[in-house]
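K.L.:
Next up is a structure, given as structure tokens.
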Amino acid sequence: MNVRVRYAPSPTGFQHIGGLRTALFNYLFAKARGGKFFLRLEDTDQGRYNAEAEADLYESLRWAGITWDEGPDLGGPFGPYVQSKRLELYKQYARQLVDSGHAYECYCTSARLDTLRQEQEKAKQPLGYDRRCAHLSDSEREVQRSRAAYDDREPVIRFHQKPDGETVVEDEILGRVAKANADLPVDPVLLKSDGYPTYHLAHVVDDHLMETSHVLRAQEWLPSAPLHVQLFAAFGWQAPRYVHLPLILGQDGQKLSKRHGATSVRQFREDGYTPAGLVNYLALLGWSYDDSREFFTLKELEDVFTLSKLSKSPAVFDYKKLEHFNGHSIRELSIGELKAVLAPQLPDFTDDELDGYLPLVQERLKFLKDASEALKFVHHAPTAWVREDFVPKKLDEAAAVALLEAALPLLEGVEARDDETNEQRFRTRGEELGFKLGDVMQPVRVAVCGGKVSPPMFGVLHLLGGAESQSRIKAALAFLRG
RNA sequence: GCCUCCAUCGUCUAGUGGUUAGGACUCAGGAUUCUCAUUCCUGAAACACGGGUUCGAUCCCCGUUGGAGGUACCA
């Protein structure tokens, strides 16, 4: 089968992490099957349209490494890929459904629909349209039509929903899902009075015209899938294969939202997540490879992704686990790659400095943005300290002072010797004075880096150089005595 | 309310009609170590409940409970 899949977001806001996963699975499926992956903008809701969303979509996907074969920006054989540019098409197909008796014009005002709803609620009746315009006689229809014209109202077009029987959706991961037609929304609107189609009509028309083979979308669409199946049937078209992906939830089991943490791709990027880490983690939310393998690059996923390993149940988004994957992905980077992503965050570092310092901090980074804080001491000699920080366990401040003084001469020419030699010198001198290396290094660390946590000190001292190191220790000594 | 879907450690998941139910995150302990981190080792932690079917059910069927989604001229 010729695989053609799409990601078709609605441009209402910044790209959501859940949408990224949907896009990712579509992309991976296309790659794994040697098919095509395209983008389509479903901008049929004028009220919620957000102009920033489109650019953010492209940026987010590109950042994640996801590419598309056709789309609003690229064009392609089935364009345009923006629904607001296909309005005539939807009108034409809606009209076709009216002509074939599968749909009808409805002249009800929204005011009437509102009162209808309120009455139904009051009477505790099932909500839904009462089909008043479904079976108008020709003369009644004319009256309604001219009345609407007089009020300057356009009628909507509603689908003639079958009132009985059931509709079956064959989902690739859920299997057979049957729904009684009576439980489907009553005669849903296909074409709105503003001339725009609803999602139902638009995606059915587009997925047919664009020859979509599989629709991978979030499970929240499952309830309306039978309607879509009916629409394809009404047109006499073959429906694509449906694949309803498990939802992503927050820790409390509710739909993932801002109060759980970051939700937009942009936010994750700003928070210092790597695309590789995020993609790896996302791929494992609702999909698995086997009983043990957990690390994958995008490229590797493209080879091994398969629908059959998709899970049915919703997944809770675990930021802690993402952090783990993120740290791992940072450690997987070569120094060159790390330098490329970090250089903009470290503008006061020369290329050589980056080459020297990045290997020292790489395995300590949970987030990319941690680097500037971890290396702040390089260009900013500490000026304020916490006295107790200097004192190694079980020792006193006098010992700390003595150790700093002992370190001073050892630092002479530290930049010329390798780390092992320097370490040996400090160790030997410490032992002469009756201290362990750890005791020697704590006051030095605090004096040079400003705090009790730092990258490995011999690497730091070597790069900083003897003169700078000594001057920092002298400053610390003055602080302790002052 | 009604409809639909789902149900293995706290979380992500593997798995099978007979297994010591496996891995990962988190957590606890330990090893390595100049701090932190990395790495490594060990440990704690699960088949929601009740009925069937079966020689035997975590696995198959039914129900219960729980969770989620849907119920728009939003997608």
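In the numbering used here, the protein residues as written are 638 to 1119.
Heads up, the beta-carbon is just placed ideally off N, CA and C, and yes, glycines get one too.
Note that this is a predicted model, so its numbers are computed, not measured.
1) Do the stretch 889 to 900 and the stretch 913 to 928 touch if we need at least three Cβ pairs shorter than 8 Å?
2) Can S1009 and L1040 be called in contact, C-beta distance under 7 Å?
3) Apply the 10 Å Cβ neighbour rule to M638 and answer buried if 16 or more other Cβ atoms are within range, or exposed otherwise.
4) Nearest-angstrom Cα distance between K1013 and R906?
5) To which residues does DSSP link H1017 through a beta bridge?
6) If G708 sits next to F675, beta carbons under 8 Å apart, how far is it from one beta carbon to the other, in whole angstroms?
7) Just how far apart, CA to CA, sit A980 and F1027?
8) Would a C-beta distance cut-off of 7 Å place Q720 and A839 closer than the cut-off?
9) Exposed or buried, what is H851 when buried is set at 16 or more other beta-carbons lying within 10 Å of its beta-carbon?
10) Does the separation of the CB atoms of R658 and L864 fall below 7 Å?
11) Check this for me: beta carbons of L1117 and V1023, under 7 Å apart or not?
12) What does the alpha-carbon distance come out to for the pair Q1079 and D1056?
13) For H772, count neighbouring Cβ atoms within 10 angstroms of its own Cβ and tell me buried if that reaches 16, exposed if not.
14) Counting only runs of 3+ residues fully inside the stretch 1044 to 1105, write out the beta strand (DSSP E) ranges in chain order.
15) The beta strand (DSSP E) that contains R643, what's its start and end?
16) Could you give the residue range of the beta strand (DSSP E) that holds D1164?
17) Pick helix, strand or coil for P1029, following the three-state DSSP scheme.
18) Count the other C-beta atoms from every protein chain shown that fall within 10 angstroms of the C-beta of T943, then say buried if there are 16 or more, exposed otherwise.
19) Could you give the distance in angstroms between the alpha-carbon of V748 and the alpha-carbon of R643?
20) Can you give the Cα-Cα distance for L726 and G716, rounded to whole angstroms?
21) Along the beta strand (DSSP E) that carries F796, what are the first and last residues, could you check?
22) Unbroken beta strand (DSSP E) runs of length 3 or more, entirely within the stretch 707 to 746: which are they?
23) Let me check understanding here. Comparing Cα to Cα, which of G1102, K799, E1052, A760 lies closest to N818?
24) Can you name the start and end residues of the beta strand (DSSP E) that F674 belongs to?
25) Please state the DSSP three-state secondary structure of A855.
26) Pick helix, strand or coil for A906, following the three-state DSSP scheme.
27) Tell me the residue span of the beta strand (DSSP E) that contains L828.
28) Taking 7 Å as the threshold (C-beta atoms), are V805 and L815 in contact?
29) Mark N917 as exposed unless 16 or more other C-beta atoms lie within 10 angstroms of its C-beta, in which case mark it buried.
30) Cutting at 7 Å between CB atoms, please list the residues of its own chain near V842, excluding the five before and the five after it.
31) In the DSSP assignment, find the beta strand (DSSP E) that holds G812 and state where it starts and stops.
32) Roughly how many angstroms separate the alpha carbons of E1034 and V1090, rounded to a whole number?
33) Quick one: what does DSSP say R1126 is sitting in, helix, strand or coil?
34) Consult DSSP for S929 and reduce its assignment to one of helix, strand or coil.
35) Determine the contact status of R778 and C743, defining contact as a CB-CB distance below 7 Å.
36) Determine the extent of the alpha helix (DSSP H) in which F872 is found, giving its start and end residues.
P.N.:
In short:
1) no
2) no
3) exposed
4) 21 Å
5) For H1017, which the question treats as bridged, DSSP gives no partner whatsoever.
6) Sure, about 6 Å apart at Cβ, within 8 Å.
7) Approximately 32 Å, taken between the alpha carbons.
8) yes
9) Flag for H851 reads buried.
10) no
11) no
12) 17 Å
13) exposed
14) none
15) Start and end: 641 to 644.
16) Beyond the ends of the chain as shown, which are 638 and 1119, falls residue 1164; an answer cannot be given.
17) coil
18) exposed
19) It is Ala, not Val, that sits at residue 748 in the sequence shown. Spanning the two alpha carbons is a distance of roughly 37 Å.
20) 12 Å
21) 793 to 796
22) 740 to 743
23) K799
24) 673 to 676
25) strand
26) The sequence shown places Arg at residue 906, rather than the Ala named in the question. Helix.
27) 826 to 828
28) A small correction: the amino acid at residue 815 is Ala; Leu does not occupy that position in the sequence shown. In contact: A815 and V805 (Cβ atoms closer than 7 Å).
29) N917 is buried by the Cβ-count criterion.
30) L726, Y727, Y730
31) Counting along the chain, the beta strand (DSSP E) containing G812 begins and ends at 812 to 817.
32) 19 Å
33) With the chain covering 638 to 1119 only, the question about residue 1126 has no answer from this structure.
34) coil
35) no
36) 862 to 872
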